[in-house]
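Visitor: Dropping the structure in here first, questions after.
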Amino acid sequence: MYGKVLAWMDMNDPDRRHGDDPAVFDDDLDDVRAARGTEYVKSAVMAFVERRTGVRLPAEWMNDEGADPQAGPWVTVRLGSFPREPRPPSTFGHYEPDLDARLRAAPESVRRAALALAVRAVTTRFRFSDDALARQVVEAVEQGLTLDGETRSRILRLTAQGADDRACTDAVYALYAAMGKGMSMVDAVGAARYPIVDEWPVLRRELYRLVRETG
Numbered sequence: 247m248y249g250k251v252l253a254w255m256d257m258n259d260p261d262r263r264h265g266d267d268p269a270v271f272d273d274d275l276d277d278v279r280a281a282r283g284t285e286y287v288k289s290a291v292m293a294f295v296e297r298r299t300g301v302r303l304p305a306e307w308m309n310d311e312g313a314d315p316q317a318g319p320w321v322t323v324r325l326g327s328f329p330r331e332p333r334p335p336s337t338f339g340h341y342e343p344d345l346d347a348r349l350r351a352a353p354e355s356v357r358r359a360a361l362a363l364a365v366r367a368v369t370t371r372f373r374f375s376d377d378a379l380a381r382q383v384v385e386a387v388e389q390g391l392t393l394d395g396e397t398r399s400r401i402l403r404l405t406a407q408g409a410d411d412r413a414c415t416d417a418v419y420a421l422y423a424a425m426g427k428g429m430s431m432v433d434a435v436g437a438a439r440y441p442i443v444d445e446w447p448v449l450r451r452e453l454y455r456l457v458r459e460t461g
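In structure tokens form, the structure reads like this:
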């Protein structure tokens, strides 16, 4: 993903993985584990690849026919062509390349739901000088509404309490990013990552559950 091999996995032992982020498959391997040691393991692996990539694999993908005699069959799935130096489109993609890519490939409704989860996590973690305005941001995100320029300016004048000064500043910016112009919803999700460092692992799992259930 973005030029990184996040995880290689042994289909006969899905817990034997290596790469830049072997844990990226952690919450999506129940079917492969259940089929381990049975005749259904190849089918389970194909279903896993299709679920993660969105690519419909032909039956011969798991056969030896037509496979590279040196590489062997069912080695990899490559989507499109990669640039020489693939780079994530934002800082969020640098830290969360798999989640970033999956959210960008998801329908707009999924990206909006992801942003709503992120903004709610921020407003749960922090208290704001104008809680009504913070709630208005959450409701606008959930309903797909935009806020006028004056209201967006008021967001920047908010103050937050609940952590150190840097985290509080990041919390205010996360709300502004959710309503700001010129920023994608995925990048706005990334902005929410900074003020909720301790809560991020839980939110990350919720975001993965969202893209799995809807994608």
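If you read the sequence shown in the working numbering, its first letter stands for residue 247, the second for the next number, and so on.
Beta carbons are placed, not taken as given, at the ideal position from N, Cα and C, and that holds for glycine.
Please report how far the alpha carbon of A434 lies from the alpha carbon of R366, in whole angstroms.
Guide: On the sequence shown, residue 434 is found 188 positions in, with the first residue counted as 1. On the sequence shown, residue 366 is found 120 positions in, with the first residue counted as 1. When rounded, the distance between both Cα atoms is 13 Å.
Visitor: When you compare the CB of A386 with every CB in chain D, is at least one pair closer than 8 Å?
Guide: Among the chains in the structure shown there is no chain D, since it carries only a single protein chain.
Visitor: Note down, one range per segment and in chain order, each alpha helix (DSSP H) of at least 4 residues found wholly within the region 399-440.
Guide: Correct list: 411-425 and 431-439.
Visitor: Is the beta carbon of L363 closer than 8 Å to that of Y454?
Guide: Walking along the sequence shown from the start, residue 454 turns up at place 208. Walking along the sequence shown from the start, residue 363 turns up at place 117. Not closer than 8 Å, so no.
Visitor: Taking the CB atoms as reference points, tell me whether G408 and R439 lie closer together than 8 Å.
Guide: Within the sequence shown, the letter at position 162 stands for residue 408. Within the sequence shown, the letter at position 193 stands for residue 439. The answer is no: Cβ separation not under 8 Å.
Visitor: Just checking, does the region 339-353 make contact with the region 401-417 on the three C-beta pairs under 8 Å criterion?
Guide: Taking 8 Å as the limit for Cβ pairs, the verdict is that the region 401-417 does not touch the region 339-353.
Visitor: Does the Cβ of R357 have 16 or more other Cβ atoms within 10 Å, making it buried, or fewer, making it exposed?
Guide: Your numbering for residue 357 matches position 111 in the sequence shown. Per the 10 Å Cβ criterion, buried.
Visitor: Start and end of the beta strand (DSSP E) containing P343?
Guide: The residue you call residue 343 lines up with position 97 of the sequence shown. Note, P343: premise wrong, no beta strand (DSSP E); alpha helix (DSSP H) at P343 to A351.
Visitor: May I have the straight-line CA-CA distance separating L404 from A386, to the nearest angstrom?
Guide: Counting from 1 along the sequence shown, the entry for residue 404 is found at position 158. Counting from 1 along the sequence shown, the entry for residue 386 is found at position 140. Spanning the two alpha carbons is a distance of roughly 17 Å.
Visitor: Can you give the Cα-Cα distance for P334 and R412, rounded to whole angstroms?
Guide: Locating residue 334 in the sequence shown gives position 88, counting from the first residue. Locating residue 412 in the sequence shown gives position 166, counting from the first residue. P334 and R412: Cα-Cα distance of roughly 25 Å.
Visitor: For G318, which of helix, strand or coil comes out of DSSP?
Guide: Along the sequence shown, read from residue 1 onward, the residue named residue 318 stands at position 72. Residue placement at G318 is poorly supported in this model, since its pLDDT is 48, which falls under 50; the coordinates are not used for a value here.
Visitor: In or out: T369 buried (at least 16 other Cβ within 10 Å) or exposed?
Guide: For the purposes of this step, residue 369 is taken as the residue at position 123 of the sequence shown. Looking at its Cβ environment, which holds 16 or more other Cβ atoms inside 10 Å, T369 is buried.
Visitor: With distances taken Cα to Cα, identify the nearest neighbour of D280 among M425, D267, N258 and R298.
Guide: Numbered from 1 along the sequence shown, position 34 holds the residue referred to as residue 280. Strictly speaking, residue 280 in this sequence is Ala, with Asp absent from that position. Among M425, D267, N258 and R298, the Cα nearest to that of A280 is on N258.
Visitor: Helix, strand or coil: how does DSSP classify P447 here?
Guide: Walking along the sequence shown from the start, residue 447 turns up at place 201. Note: P447 maps to helix in three-state DSSP.
Visitor: Whose C-beta lies closer than 7 Å to the C-beta of V432 among residues of the same chain, with five residues either side of it excluded?
Guide: Position 186 of the sequence shown, counted from the start, is the residue given in the question as residue 432. For V432, where only same-chain residues beyond five positions count, the Cβ hits under 7 Å are F338, D346, L349, R350 and R357.
Visitor: Rank T284, E285, A290 and D266 by C-alpha distance to the C-alpha of L275 and give the top, closest one.
Guide: As a working mapping, residue 275 is identified with position 29 in the sequence shown. Looking at the Cα atoms, A290 is the closest of the given residues.
Visitor: Can you look up P260 in the DSSP assignment and give me helix, strand or coil?
Guide: Along the sequence shown, one-based indexing puts residue 260 at 14. The answer is strand: DSSP assigns P260 an E or B state.
Visitor: In angstroms with no decimal places, state the Cα-to-Cα distance between R398 and S375.
Guide: Against the sequence shown, residue 398 aligns to sequence position 152. Against the sequence shown, residue 375 aligns to sequence position 129. If I take the Cα positions, the gap works out to 15 Å.
Visitor: Give the range of the alpha helix (DSSP H) segment to which T370 is assigned.
Guide: As a first step, residue 370 is located in the sequence shown; it is residue number 124 there, counting from the start. Unbroken alpha helix (DSSP H) run through T370: E354 to R371.
Visitor: Given that a residue counts as buried once 16 or more other Cβ atoms are within 10 Å of its Cβ, and exposed if not, what is V464?
Guide: This structure cannot speak to residue 464, because the chain is shown only from 247 to 461.
Visitor: Rank G283, R373 and M292 by C-alpha distance to the C-alpha of I442 and give the top, closest one.
Guide: For this step, residue 442 is matched to residue 196 along the sequence shown. Of G283, R373 and M292, the residue nearest in Cα terms is R373.
Visitor: If I measure Cβ to Cβ from A253 and keep anything under 7 Å in the same chain, skipping five residues before and after, which residues do I get?
Guide: Taking the sequence shown and counting its residues from 1, one reaches residue 253 at position 7. Closer than 7 Å at Cβ, skipping near neighbours: R263, G265, D267, P268, V270 and F271.
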